[in-house]
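Everything below concerns the one structure shown next.
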Amino acid sequence: MPEQRRIIFKHIDQAGYTNDLACYQKHGGYETLKAAVLRKPEELIEEVKKSGLRGRGGAGFSCGLKWSLLDRKSGKPIYLIVNADESEPGTFKDRYIIHQDPHQLIEGMMITCFANNVKQAYIYIRGEFPIGARILEQAIAEAKKANFVGNNILGTNYSCDIFVHRGAGAYICGEETGLIESIEGKRPYPRIKPPYFPAVLGLYQCPTIVNNVETLCHVKHIVSMGGDTYSKIGTPGNTGTRILCVSGHVKRPGYYEFEVGKITLGELLNDVCGGPLPGRTFKAVIPGGSSAKILRFGERFKGKRKVGAEMQDYDWGLEDLPMDFDSLAMVGSMAGSGGVIVMDDSVSMVEALANINSFYAHESCGQCTPCREGSLWMKRITSRMVLGGARAEDGALLKNVADQIAGRTICAFGEACSWPTQSFVLKFGDEFKQYAEKSKDLAAAKETTPLV
Amino acid sequence: MNLSENTVKQIEEVITHYPVKRSAALPLLHLVQEDQGYISQDAIAWIAAKLELQPINVYELVTFYPMFRQKPIGKRHIKVCRTLSCALMGGYKTCAEFEAQFKTKRGETSEDGAVTIEFVECLASCGTAPVVLIDDTLHENVDCAKARALSDQIKAELKKS
Amino acid sequence: MTSPAPADLITINVDGKDVSVPKGTNVIEAAAKVGVDVPHYCYHPKLTVVGNCRMCLVEMGMPAVDPATKAPVIDPATGKQKINWMPRPVIGCATNASPGLHIRTTTQLVKDCREGVMEFLLVNHPLDCPICDQAGECKLQEQATGYGRGYSRYIEDKNVKPKRTVLGPRVTLDDERCILCSRCIRFSKEIAKDDVLGFIDRGSTSTLTCFPGKQLANNYSLNTVDICPVGALTSTDFRFKMRVWFLKQTNSIDTETSVGANTIVWSREGQIYRITPRQNDFVNDTWMADSGRILYKHVRSEDRLLATRVSGKEASLSEAVSKAATLISENTSHVRLVASGKNTVEEQFLIKQLADQIGTKASLVSRIGEGDTILVSKDKNPNVRGALVTGLINELPSQKLDLLSSEIDSGKVKVVISFNEDLTLAGLNPSQLAKVKVIYIGTHQNKTSDAAEVVIPSLTVFEKSGTFINQQFRIQKFLLAVPGPSGVVDDLVILTHLLTALTKSAPQATQAAGILAHTWTQIASRVPSLAHVSFSSLPEVGALIDSSAFQKLPFVETQTLHFKPAV
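Protein chains in written order, with the working numbering: chain A, 1 to 452; chain B, 1001 to 1161; chain C, 2001 to 2567.
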């Protein structure tokens, strides 16, 4: 069984570890920042580029590349926004960093700010983390007192402050331009890109970096050990470690940090998480937060892929899937935010989809036509099915509606709300076709857990 | 607007966090709601004036974000997560248990004004599902038994106060 | 091989057709230039781009070049440069012309996108067509017909929202029909500068509204009705009155102020039902003030003058003209003439001839009030400049006719001719009017017409054709929309009769149209700044004329849309 490598989560739930500055420094905290401010900012950016770090918020976009796209020529102030909105269903990692190890985030932030000449940083934290917001504010105050944040950091002439900004219960604020609109005090409608790329026209129309909490923590470790060293952790193109959040029908749900690509889905679910619940078998798994396309146990994936310099054959069942960005994308899903949701044979896929569709219909901001009307339509179809009005053609209808949304919207919410429907219907089409008849059996057979 | 002195102080301070006043809309709404229990029409007008905005600009936000309420709620606020992972582990039964315990439907406040029960979206603690947020505190692994225990605790605390 | 575009234009290719456009032109506008319609809802040429309706999705491609050598990659099948088409469609409204840009609108993908968006828009849209005012000019109807699938697969319940919200004194809102394009919100904020509209709630239950207690009441509120692509925002005045396909459209000019906003008058069988703005990018863009739209109500108001009268008794036109001519010739050098800033250029030209014939000078009455910075100027006369250009007056008019007043008191004046001006509003009192013989030629009854010896009813701007010169010194033409009341003749006919009676020479024309044409030949030859203007070929956007002769005059207008006062 692969061993966890706890770099980010080293101190989470560790006995005796507290979230104050003194404890953090006792464990070597802020030494990396102290060294970083003595280096050239471009060097620090180079380290992050070399490290191959990919964003941990869901998109997996190269962090070094994101920083390099910043418009540094316009003379406008540069902003850093930390996306602490963690709302992707199935994801629960940033919560622990914020509540138990906030200084790791702050140190990663300040290194990032220094490297990119950021004028002002904001942490956008979801409204449902009220205690987390207070913890962060306290940590920032401590860090300020110790001259790690604020004016003339560590005796340099670089100054940068951090403010905590609380959200109020909207998933769309996790979308970077929706987040920016929310901080600007407007309805969080994502912006059209082009032209509103945050790197050029972000917060207050100034160049802005939006990074996930975990990503910024990785930045600290990259600068500490060096980009080259970090790039050797994990696998090529999928470097470093990732926190996998496993929930649903496994014996040991929870968070687990592994080198990217060095653990397979089977090892994760069977060995690390103890396998299915007693008397049950695995049926389906969503590997990257509810927006990711679902995988069916029993599916096989065959083809050729690049390993090092050569092309190699692969022939995988779900259990063989390495949990890295490229492999998961290759088999038609995504690594996303690392939220692994497991469903066993007690679950009706129609009802599971109904639960997910309800979520997306509720969270759609309503700005653009396909997502606004389409997400609600899909929810109404699956709700009707579950409430007894299912028709055999509803699966095909769901797919058609979903196909009309993906690729046609302002932001990735269009894909997020349509991928579940598309993949559920594709992989469990028979269940959808037969739902009307089967549901009577299911209800009679055992006491089911309602999902709707 | 009958805001406490401390709230007013915090409001003035938070406005300085942003180069554009409008950005303070969300922080001000949180502060006012914490002070008054909910956001009234007067509060919307007051916040708008404070930030040099039109009332509609603030009204748009209050109705967009589910955490803001325009009516007072019960003394205790119970938010049960309804999204997939919690639902898979019995979240719907947990919510039904709370509803039965307080004879209140989701989305409503009990007749005696004791609790408000809400069925909310993913609270980002899926590994310990089902989860329930009571006021600011997160409760994990809340099955029906634990829901009953928590309800008893709430009722006891309400009796005392 | 097309010839290269002028240096400052960018050439793009739409459905195989090259089109050269200025920098910053988006795909919707560029495509329109080569006859390709890109359907859209939320895009409006005068408002910021939001890209939320997704109806203008098109395919975009760029020419393929070898990444190393930058040499063009040629498609062996066509022999032309290969175009790399992007798999994901883009919105036309937010895609600006760039060199080499290729657009496709006739592919299956674009067809699917349009059918999809149409289906989604109709999913929660109420089936109100039979009772909805927008029918016949509804973008949803048009684009569903042109680009929709023709049927819907939706069998669920539809959203229910407030259906007849009174948003303000002139606008009624049906929220169920709203497609959340946000044009009205952008207009109110960006153009009317009255940020009073917004969306509340979220997702598909988003609803347009005002904050409770506030209203959409500004003087431009009806423009939101014009730009609403569906029947959500409706004009309370026009609601349920008439189906638009029965209405005739006539180009006209708003006479509320010297802005001269371009309008369309909608009428059926001689009755006007509404007025809407007409696009003129030099004067009013696509907007007009609400206060100018209600002016058509004067056409059938209770105080409309309908009968020609002499000495209080009904008379024929020739009797009235004859009596007027007699009064004038019997009192030579004791006749004064008051013309109006509401007269057309043609009328003012003939009134000048009349004044010369009589041997007197004409005065105008000025009408100054509050203006705004958008489309209402301070000068409530639409055509003071016409009087200047035709030489009818040499200076700006004043509000009070002091000279006339004193001349009446001193007995110097025996006859006053008034063209549509109530002299009691210009400083005269009824006892002064009683001292003289008044000849009143105008449209509505007032204290002056009551006191007049001769009353000849005339036509409103909606019942005749002519031109006005606005604050920009732009001459703009308007056309007859509805016939005048029975028995009432055109001002030009009245003036011709008067001139004929006084000069004793035969007129060149006796019908309004003929007189108009003949007057223009005279204008062109006698008024230098109008020498190159022709009524029939005057462009729809009007024409600027030479105003250098009037530069020094202290015009009252201040800055409005497309107008900056001379320093």
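Where a beta carbon is used, it is the ideal one built from N, C-alpha and C, also for glycine.
Query                                                                                                                                                                              : Result
Counting Cβ pairs closer than 8 Å, one from the region 201 to 221 of chain A and one from the region 1037 to 1048 of chain B, do we hit at least three?                            : no
My guess is that Val2283 of chain C and Asn2470 of chain C are in contact by the Cβ rule of under 8 Å, so how many angstroms apart are they, rounded?                              : 7 Å
Looking at the C-beta of Tyr2154 of chain C, does it have a partner C-beta in chain A at a distance below 8 Å?                                                                     : yes
I want to see whether chain A comes within less than 8 Å of Val1020 of chain B, judged by CB atoms only; does it?                                                                  : yes
What is the DSSP secondary structure of Leu2057 of chain C, reduced to helix, strand or coil?                                                                                      : strand
For the candidate residues C:Val2014, C:Val2488, C:Val2034, C:Ile2010, whose alpha-carbon lies nearest to that of Gly2024 of chain C?                                              : C:Ile2010
Ala2261 of chain C by DSSP, collapsed to three states: which one?                                                                                                                  : coil
Under a Cβ-count criterion, where at least 16 other Cβ atoms within 10 Å of its own Cβ denotes burial, should Tyr435 of chain A be classed as buried or exposed?                   : buried
Along the region 1078 to 1092 of chain B, what residues have a CB closer than 7 Å to any CB found in chain A?                                                                      : Thr1083, Leu1084, Ser1085, Ala1087, Leu1088, Gly1090, Tyr1092
How is the alpha helix (DSSP H) around Cys1144 of chain B delimited, first residue to last?                                                                                        : 1144 to 1160
Alpha carbon to alpha carbon, what distance is there between Thr2106 of chain C and Ser2020 of chain C?                                                                            : 20 Å
Which residues does DSSP list as the beta-bridge partners of Pro2277 of chain C?                                                                                                   : C:Thr2263
On a Cα-Cα basis, can you pick out the residue from A:Arg56, A:Cys160, A:Ile209 that is closest to Ala143 of chain A?                                                              : A:Cys160
Need the endpoints of the alpha helix (DSSP H) that Met110 of chain A sits in, please.                                                                                             : 102 to 116
For Trp2287 of chain C, collect the residues of the same chain with a Cβ closer than 7 Å to its Cβ; drop the 5 residues on either side in sequence, then sort them by chain order. : Ile2191, Tyr2220, Asn2223, Pro2277, Leu2375
Quick one: using the 10 Å Cβ neighbour count with 16 as the cut-off for buried, is Lys2313 of chain C buried or exposed?                                                           : exposed
Terminal residues of the continuous alpha helix (DSSP H) containing Asn355 of chain A?                                                                                             : 349 to 363
Is DSSP giving Gln2476 of chain C helix, strand or coil here?                                                                                                                      : strand
Using 8 Å as the threshold, is the C-beta distance between Val1020 of chain B and Glu181 of chain A below it?                                                                      : no
Can you list the residues of chain B that Asp2195 of chain C reaches, using a CB-CB cut of under 9 Å?                                                                              : Leu1053, Gln1054, Ile1056, Asn1057
What are the residues of the region 359 to 387 of chain A that lie near chain C, defined by any Cβ-Cβ distance shorter than 8 Å?                                                   : Ala361, His362, Glu363, Ser364, Cys365, Gly366, Gln367, Cys368, Thr369, Pro370, Arg372, Glu373, Gly374, Ser375, Leu376, Trp377, Arg380, Ile381, Arg384
Classify Asp13 of chain A as helix, strand or coil using the three-state DSSP reduction.                                                                                           : coil
Run through chain C and tell me which residues come within less than 8 Å of Thr1128 of chain B, C-beta to C-beta.                                                                  : Chain C residues near Thr1128 of chain B: none, gap ~28 Å exceeds 8 Å.
Out of C:Asn2159, C:Val2058, C:Pro2507, C:Tyr2154, state which residue places its alpha-carbon closest to the alpha-carbon of Cys2113 of chain C.                                  : C:Val2058
Is it a yes or a no for the region 121 to 136 of chain A touching the region 80 to 89 of chain A, going by three-plus beta-carbon pairs under 8 Å?                                 : yes
When you compare the CB positions of Ile2417 of chain C and Val2436 of chain C, do they come within less than 8 Å of one another, or not?                                          : no
Taking the alpha-carbon of Ala1145 of chain B as reference, which of B:Tyr1018, B:Glu1097, B:Leu1084, B:Ala1049 has the nearest alpha-carbon?                                      : B:Glu1097
Tell me where the alpha helix (DSSP H) around Ile1044 of chain B begins and ends.                                                                                                  : 1041 to 1050
Would you mind giving the Cβ-Cβ distance between Lys283 of chain A and Asp345 of chain A, rounded to the nearest angstrom? I have them listed as a contact below 8 Å.              : 5 Å
Quick one: what does DSSP say Met2001 of chain C is sitting in, helix, strand or coil?                                                                                             : Caution applies to Met2001 of chain C, whose pLDDT of 47 falls short of 50 and renders its modelled position unreliable; the value that the coordinates give is listed next. Three-state DSSP puts Met2001 of chain C in coil, outside helix and strand.
What does a CB cutoff of less than 6 Å around Arg252 of chain A pick up in its chain, not counting 5 residues either side in sequence?                                             : Cys273, Gly274
With 8 Å set as the bound, which would you pick, yes or no: does the beta-carbon of Asp1136 of chain B sit closer than that to a beta-carbon of chain A?                           : yes
Check whether the Cβ of Phe1064 of chain B lies closer than 8 Å to any Cβ atom in chain C.                                                                                         : yes
For Tyr122 of chain A, which residues does DSSP report across the bridge?                                                                                                          : A:Ile81, A:Phe163
Measuring CA to CA, which of A:Glu128, A:Asp85, A:Val118, A:Gly132 is closest to His99 of chain A?                                                                                 : A:Gly132
Strictly below 7 Å CB to CB, what residues from chain A border Ala1025 of chain B?                                                                                                 : Gly185
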